[in-house]
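These notes are about the structure you will find just below.
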Amino acid sequence: MSALVLRELRLAATGGSFLLPVIFFLLVATLFPFAIGPDAPLLARTGGGALWVAALLAALLPVERLVEPDRASGVLDQLAIRGMSEESIALAKLAGHWLSFGPPLMLAALPAAALMKLPEDVLARLELGLLAGTPGLAALTLMTASLTAGLRGAGALGGLLMLPLAVPILIFGAGMGDPVAGVGAVKLLAAASLLLAAIAPFAAGAAIRAARD
Amino acid sequence: MTAAALLRLDKVACIRGGRLLFEGMDLVLAAGEAAVATGPNGAGKSSLLRLAGGLLRPAAGGVARPAKAALADEGLALDPKLSLGRALGFWARIDRADAAPGMAAMGLAALAHVPVRMLSTGQRKRAMLARVVASDAGLWLLDEPANGLDAEGLERLGAAMAVHRAEGGAILAASHQPLDLPGAQVVALG
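Chains as they are written, first to last, in the numbering used here: chain A, -6 to 206; chain B, 48 to 237.
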């Protein structure tokens, strides 16, 4: 199990999955002020939401790399014949995927918040929200990647599948920016994220099994 | 019907893509025994191996496989960027085994530092077989193991299979080419 998580991290490091979401996230944070204009109060008010959209799309980036190469090259079959359940494989992939994009994104949020002129308290809530919300995003990406493994055009289809399901995370995540409603939002965000992370190994495991038949 | 059977298929039927490939298949492999599935393309040879390995569920009948199984099919399942030694080492760690004897048996010891993506077709086949040899599985499932192997590779494959059977293992292979498996049952499909 730990060997699998380490392998996921190694694949992420050599395949660019560490850097790519971070660069994408920072790119959005750079472009957004250009589009809105240098109006600091407006940026501070809208920046948190924009960063959440960026985080959501950044989580979706590795959707084609997460499961499909392992299915095509027979890694999933080799693990299954060794008696490893598809659920354990999915859990290892979930852990590996979150570790490769959640913490790096939280680090990238620091310069991104500076670009958006986010106040310190909003930044603190954004970081807390990313900590609570990124496991849910990782779970959604994993489920989408497992469902679309073996299909052509999986990337575009993955976006269509995943984005509607990510709406609760987006709403509660962006809602944390509000100092009054933020406390309730973080609880709901954590709940939504926990639910997704809890069902992901089973849903992704079933999808991997179904793709084999 | 010995108690030591490593694989037992009982009236197994296989349906793939709505097509019945075979039914009523009985097969028992005890320690030291081997079977070769033959038949035209699409007859269900690979499906038989995947059924035996538990990767497919039979449409009818039962599959009993008390032994651990190792599969060598068309899936390389080695990370292309790693060196061959490290890529095989990953599977050896999962198998709690040592990759070196398998690599030596298939003549790959000198290629341990070569990245997997640089290997030729025959070397890839040898690598897949080395993973099977290195595992401590009792049942070997070999899908076209002779494909792409040169004369020396075939000789090494024959020797490895003989050692495995002598140590009480069993082999189920699917092949178009004659394999060096003396006394093997023939399972004719299609």
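Even glycine gets a Cβ: it sits at the ideal position worked out from N, Cα and C.
Through-space distance from P127/B to A213/B, alpha-carbon basis: Across the structure, A213/B and P127/B are spaced so that their CA atoms are roughly 34 Å apart.
Cut-off 6 Å between Cβ atoms - residues of its own chain near I82/A, not counting five sequence neighbours on either side: For I82/A, same chain residues with a beta-carbon under 6 Å away, outside a window of 5 residues either side, are L72 in chain order.
Cut-off 7 Å between Cβ atoms - residues of its own chain near L69/A, not counting five sequence neighbours on either side: The beta carbon of L69/A lies closer than 7 Å to those of D63, I82 and I201 in the same chain, with the five residues before and after it left out.
Does the beta carbon of I201/A sit closer than 7 Å to a beta carbon anywhere in chain B? Chain B, which has no Cβ nearer than 7 Å to the Cβ of I201/A, makes this no.
Inspect the beta-carbon positions of G169/B and R203/B and report whether they are closer than 7 Å. Taking a C-beta distance under 7 Å as the contact criterion, G169/B and R203/B do not qualify as a contact pair.
Quick one, which of V173/A, A197/A, P26/A and I164/A has its alpha-carbon nearest L181/A's? Considering only V173/A, A197/A, P26/A and I164/A, the residue with the shortest C-alpha distance to L181/A is I164/A.
What residue does the alpha helix (DSSP H) around L56/B start on, and which one ends it? Counted as a single uninterrupted DSSP element, the stretch harbouring L56/B is not any alpha helix (DSSP H) but the beta strand (DSSP E) occupying residues L54 to R63.
So, using beta-carbon positions, are F18/A and A(-4)/A closer together than 7 Å? No; because the gap between Cβ atoms is not below 7 Å, this pair is not in contact.
Compare the C-beta of M48/B with all C-beta atoms of chain A and state if any pair is closer than 7 Å. With a pLDDT of 43 at M48/B, under the threshold of 50, the predicted position of this residue should be treated as unreliable, though the coordinate-derived value follows. No, M48/B does not count as interfacial toward chain A.
Is there a Cβ of chain A sitting closer than 7 Å to that of R140/B, yes or no? Taking Cβ atoms only, chain A reaches closer than 7 Å to R140/B, which makes this a yes.
Which residues of chain A have a Cβ atom closer than 9 Å to the Cβ of F69/B, listed in chain order? Neighbours of F69/B across chain A, judged by C-beta separation under 9 Å, do not exist; the nearest C-beta is about 17 Å away.
Spell out the partners DSSP gives S93/B in its beta bridges. DSSP output for S93/B lists no bridge partner at all.
Tell me, please, whether the CB atom of A124/B is closer than 7 Å to any CB atom in chain A? For A124/B, the answer is yes, since a Cβ of chain A falls inside 7 Å of its Cβ.
For the alpha helix (DSSP H) holding R178/B, just list the boundary residues, first then last. T168 to A181 is the span of the alpha helix (DSSP H), which, as asked, contains R178/B.
Please list, in chain order, all residues of the same chain as A33/B whose beta carbon is under 6 Å from its beta carbon, the five residues on each side excluded. Residue 33/B lies beyond the residue range present for chain B, which begins at 48 and ends at 237; the question has no answer from this structure.
Mapping DSSP to helix, strand and coil, what is G237/B? Coil.
Quick check: the Cα distance between G152/A and A132/A, rounded to an integer number of angstroms? The straight-line gap from Cα to Cα measures roughly 14 Å.
Quick one: residues in its chain with C-beta nearer than 7 Å to the C-beta of D145/B, no 5 flanking neighbours on either side, listed in chain order? So the list reads A139 and A181, once near-sequence residues are dropped.
Ignore the nearest five residues each way along the sequence and tell me which others in L116/A's own chain have a CB closer than 8 Å to its CB. Hits under 8 Å: A102, L103 and A106.
Where D73/B falls: helix, strand or coil (DSSP): Collapsing the DSSP output to three states places D73/B in a strand.
List, in order along the chain, the chain A residues whose C-beta lies closer than 8 Å to that of K128/B? Simply T7.
Alpha carbon to alpha carbon, how far is L2/A from G76/A? For the pair L2/A and G76/A, the Cα-to-Cα distance works out to about 22 Å.
Note down the Cα distance separating L35/A from M169/A, rounded to an integer number of angstroms. CA-CA distance, L35/A to M169/A, rounds to 17 Å.
Going by CA-CA distance only, name the one from N194/B, A174/B, E70/B and A235/B that's closest to A238/B. In this structure chain B extends from 48 to 237, so residue 238/B is not present and cannot be described.
Note down, in chain order, each residue of its chain lying with its Cβ closer than 6 Å to the Cβ of A88/A, except the 5 sequence neighbours on either side. So the qualifying residues of the chain are V(-2).
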